[in-house]
Amino acid sequence: MKAIILAGGTGTRLWPLSRESRPKQFFDVVGDVPLIRETYRRLLHWFPAEKIYFSLSPNFEQLLREAIPEVDDDHLFLEPEKRDTGPAMGLVAALLELSDPEEPIVFIPSDHFIKDEEIFLRCLQVGEQLINETGKLLDISIEPLFPSTVLGYTKIGEKFEEREGIEIFQFAGHTEKPPFEVAKRYVESRSYLWHANYYMWTPRKFMEAFVTYSPEMGTILRKIQQCAKKEQVDRKKFSRLYHKLPKISIDYAITEHMNPQEVLIIKGDFGWSDIGAWDTLYACLSEEGYRNVIKGDCDVIDTTGTLVYGMSKKVVAVIGVENLVIVDTPDALLVCHRDSAQQVKDLVDCYSKNKKKSVL
143 MKAIILAGGT GTRLWPLSRE SRPKQFFDVV GDVPLIRETY RRLLHWFPAE
193 KIYFSLSPNF EQLLREAIPE VDDDHLFLEP EKRDTGPAMG LVAALLELSD
243 PEEPIVFIPS DHFIKDEEIF LRCLQVGEQL INETGKLLDI SIEPLFPSTV
293 LGYTKIGEKF EEREGIEIFQ FAGHTEKPPF EVAKRYVESR SYLWHANYYM
343 WTPRKFMEAF VTYSPEMGTI LRKIQQCAKK EQVDRKKFSR LYHKLPKISI
393 DYAITEHMNP QEVLIIKGDF GWSDIGAWDT LYACLSEEGY RNVIKGDCDV
443 IDTTGTLVYG MSKKVVAVIG VENLVIVDTP DALLVCHRDS AQQVKDLVDC
493 YSKNKKKSVL
């Protein structure tokens, strides 16, 4: 199996740390190394280095080389421009189908927190086995802890089997980023899991899915394949074709339309967080609700349940508050209640509309 680390996201909900020019996967958000380096290290426990690839935009190539200088050029899939996960994953599938159409691949987000790495890697191993045995798409989903409106939800059906302590279920449908009341019903029903974005299949199967469920994308990806086959690739034509792909996630483009019989769901129980916002980062790093999470030169007194990140050179002092998010960078300061952390994206969108590029 090949692993493709997806590193093209911008992580707007972790502003002001995460920026367009340097998103969260290139910061040491959790530990002492960038998230993308931690993701790579984790995979090396099972994957040989030659089986690990990266998908990202050219704008992030230098950041990747700073974080993981040992990566070879032929292990990079560079998107001509940012167009969401549908085109990014479609491009990888199209190019790998030309060389290794039947070898399973797994797409790995570059910015997730995994507490139990052994179980996580076992889930990938089981996924590869099931692809080879059944020919179906495998996906990993997580038991939801609360109603989230920024994650997708996978509905599971009957239990398919249990293998090596890993539970596998029939797929019964996918809903991407539902409203809060819908998400609440999903969590209460106990028949929905958080979608964690670890898709596993073969390049040929991925391409067949694009052709079947998103014919427009499938047609363009086939043309990109023809362009890539030539000894001298026409880069301008390659970029023009990629630009024609719609900006859409693979969840909206493919998963929501798939025949449930083509998919199996692995229930992942390995301490997962997508670190999608400051509140989820706090939940990931704080084992008890009253604890503070502190990074940098920060001092707190009479403070509980607060995340404080001091990313500038000055001291950050916090006294007598609770349940806040405080993030200090050289050019921006964020202070908000933890319950309002998801609104950071709205703030970034506002800055973008008002062309306040200096803080994006």
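All letters in the sequence shown, in the order written, are residues 143 to 502 by my numbering. Beta carbons: idealized from backbone N, C-alpha and C, even for Gly.
Delimiting residues of the alpha helix (DSSP H) encompassing residue i
i, result
"H385", "377-386"
"E270", "259-276"
"G410", "Counting along the chain, G410 falls outside any alpha helix (DSSP H), though it belongs to the beta strand (DSSP E) covering 405-410."
"M588", "Any question about residue 588 goes unanswered here, given that the chain covers just 143 to 502."
"I392", "392-395"
For residue j and residue i, believed in contact at Cβ under 8 Å, the rounded distance
i, j, result
"S381", "P222", "4 Å"
"G452", "D444", "That belief does not hold up - the Cβ atoms of G452 and D444 are roughly 18 Å apart, past 8 Å."
"L156", "W414", "About 17 Å; that fails the 8 Å criterion."
"V442", "T448", "7 Å"
"L293", "H337", "6 Å"
"I146", "Y182", "The Cβ separation is near 12 Å, so there is no contact."
"V486", "L475", "That pair is no contact at about 13 Å."
"V213", "L206", "7 Å"
"P246", "E208", "Not a contact, Cβ separation roughly 30 Å."
"I390", "G151", "Actually they do not touch by this definition, with Cβ atoms about 14 Å apart."
"K257", "T291", "In fact, because the Cβ distance is near 24 Å, the residues do not count as touching under 8 Å."
"Y384", "V248", "Not quite, the Cβ-Cβ distance comes to about 23 Å (not below 8 Å), so this is no contact."
Residue i vs residue j beta-carbon contact at 9 Å
i, j, result
"I362", "L335", "no"
"P243", "P345", "yes"
"L185", "D253", "no"
"L158", "V469", "Residue identity check: residue 158 is Pro in the sequence provided, not Leu. Yes; because the gap between Cβ atoms is below 9 Å, this pair is in contact."
"E429", "K278", "no"
"I392", "M231", "yes"
"P289", "A325", "yes"
Extent of the continuous beta strand (DSSP E) run through residue i
i, result
"A314", "308-318"
"K301", "294-305"
"I366", "Careful: I366 lies outside any beta strand (DSSP E), inside the alpha helix (DSSP H) at 357-371."
Three-pair Cβ contact test at 8 Å for the region 329-338 versus the region 367-375: no
4 or more residues per run - each alpha helix (DSSP H) lying fully within the region 436-498: 486-495
Any 3 or more C-beta pairs closer than 8 Å across the region 282-301 and the region 398-409: yes
The region 158-172 contacting the region 259-266, beta-carbon criterion three pairs below 8 Å: no
Minimum length 3: unbroken beta strand (DSSP E) runs contained in the region 191-233: 194-198, 218-220
contact_flag[the region 220-237, the region 190-199] where n(CB pairs < 8 Å) is 3 or more: yes
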